[in-house]
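If you use our numbering, the sequence shown closes out at 192, no skipped numbers anywhere.
Everything on this sheet refers to the single structure shown next.
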Amino acid sequence: MQLNFSELLTITFTLFAVIDIIGSTPILISLKQKMGGLRELRATLISGGLMILFLYLGKAFLDILGLSVEAFAVGGSIVIFILGLELVLGIEFFKGDGDVKTATVVPIAFPLIAGSGTLTTIMSLKANYHDTTILVAILINLVIIYIVLKSLTPIAKLLGSGGLAAVRKFFGVILLAIAVKIFAANAPGLIN
Numbered sequence: 001m002q003l004n005f006s007e008l009l010t011i012t013f014t015l016f017a018v019i020d021i022i023g024s025t026p027i028l029i030s031l032k033q034k035m036g037g038l039r040e041l042r043a044t045l046i047s048g049g050l051m052i053l054f055l056y057l058g059k060a061f062l063d064i065l066g067l068s069v070e071a072f073a074v075g076g077s078i079v080i081f082i083l084g085l086e087l088v089l090g091i092e093f094f095k096g097d098g099d100v101k102t103a104t105v106v107p108i109a110f111p112l113i114a115g116s117g118t119l120t121t122i123m124s125l126k127a128n129y130h131d132t133t134i135l136v137a138i139l140i141n142l143v144i145i146y147i148v149l150k151s152l153t154p155i156a157k158l159l160g161s162g163g164l165a166a167v168r169k170f171f172g173v174i175l176l177a178i179a180v181k182i183f184a185a186n187a188p189g190l191i192n
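As structure tokens, this is what we get:
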């Protein structure tokens, strides 16, 4: 299968916006300071494993629950919409438990990187794109995630608090548009 560059760019950017690794920088910096460091590679590999596992086994899981990919995509579009609202409005809908003892896995790998929004987005993308393209987009994002995790301090200095807020709002608007597109593409199939 030949990769469609336009689709790859769309999926990569969508996952980048949902994962919001740049927007999570303040949380990650705080965790890094509290723990005295992060296991960047381990967090990246665990989150990647979750995303890839959900890419290939998510459909079987939905079948067990008696759900269609379209229904999951519509539900996912609502979650993505709420995530977008959260970024744009600065309201926290999804809350973590704040336990830093196991921070490499929880909350960094899950749910900050491979959280419900990311896994829902992967299933929503499956309704419209080929698995191989999604897999390549996941791998590209994992490289970005690893680089960001290794570069937390310089990124925070570069963007400053105002820059981080602007990045979050920009990606929030993108997520709102993506959510509307996914909803519009899959909702008619549920009505029939």
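Each residue gets a CB set at the ideal place from its N, CA and C atoms; glycine is no exception.
Assign residue i to one of three DSSP states: helix, strand, or coil.
i: Leu3; result: coil
i: Ala114; result: coil
i: Asn223; result: Since the first and last residues shown for the chain are 1 and 192, residue 223 lies out of range.
i: Ser151; result: coil
Here's a check: name, in chain order, each residue in its chain whose Cβ is nearer than 7 Å to the Cβ of residue i, leaving out the five neighbours to either side.
i: Phe16; result: Asn141, Ile144
i: Ile11; result: Leu125, Tyr129, Thr133, Ile134, Ala137
i: Lys32; result: Leu38, Leu152
Let me know if residue i comes out buried or exposed under the rule of 16 or more other beta-carbons within 10 Å of its beta-carbon.
i: Glu86; result: buried
i: Ile113; result: buried
i: Glu40; result: buried
i: Ile78; result: exposed
i: Thr153; result: exposed
i: Asn4; result: exposed
i: Ile108; result: buried
i: Ile147; result: exposed
i: Leu89; result: exposed
i: Leu119; result: buried
i: Ile91; result: exposed
i: Leu65; result: exposed
So, for residue i: in the same chain, excluding its five sequence neighbours on each side, which residues have a beta-carbon less than 8 Å away from its beta-carbon?
i: Leu190; result: Ser68, Glu70, Ala71, Val74
i: Ala60; result: none
i: Ile122; result: Leu15, Met51, Phe54, Leu55, Gly58, Ile134, Ile138
i: Ile29; result: Leu152, Thr153, Ala156
i: Ala185; result: Ala73, Ala127, Asn128
For residue i, which residues from the same chain have a beta carbon less than 6 Å from its beta carbon, with the 5 sequence-adjacent residues on both sides left out?
i: Arg42; result: Thr104
i: Leu7; result: A small correction: the amino acid at residue 7 is Glu; Leu does not occupy that position in the sequence shown. Same-chain partners within the cutoff: Tyr129, Thr133.
i: Ile155; result: Thr25
i: Leu62; result: Phe72
i: Phe93; result: Ile82, Glu86
i: Ile22; result: Val167
i: Ile182; result: Ala73, Ser77, Ser124
Legend entry - Stretch-stretch touch, CB-based, cutoff 8 Å, three pairs: the segment 41-61 with the segment 173-186: no
Inset, instruction - Can you check the segment 15-103 for any alpha helix (DSSP H) of at least 4 residues that lies completely inside it and give the ranges in chain order? - result: 25-35, 40-65, 69-89
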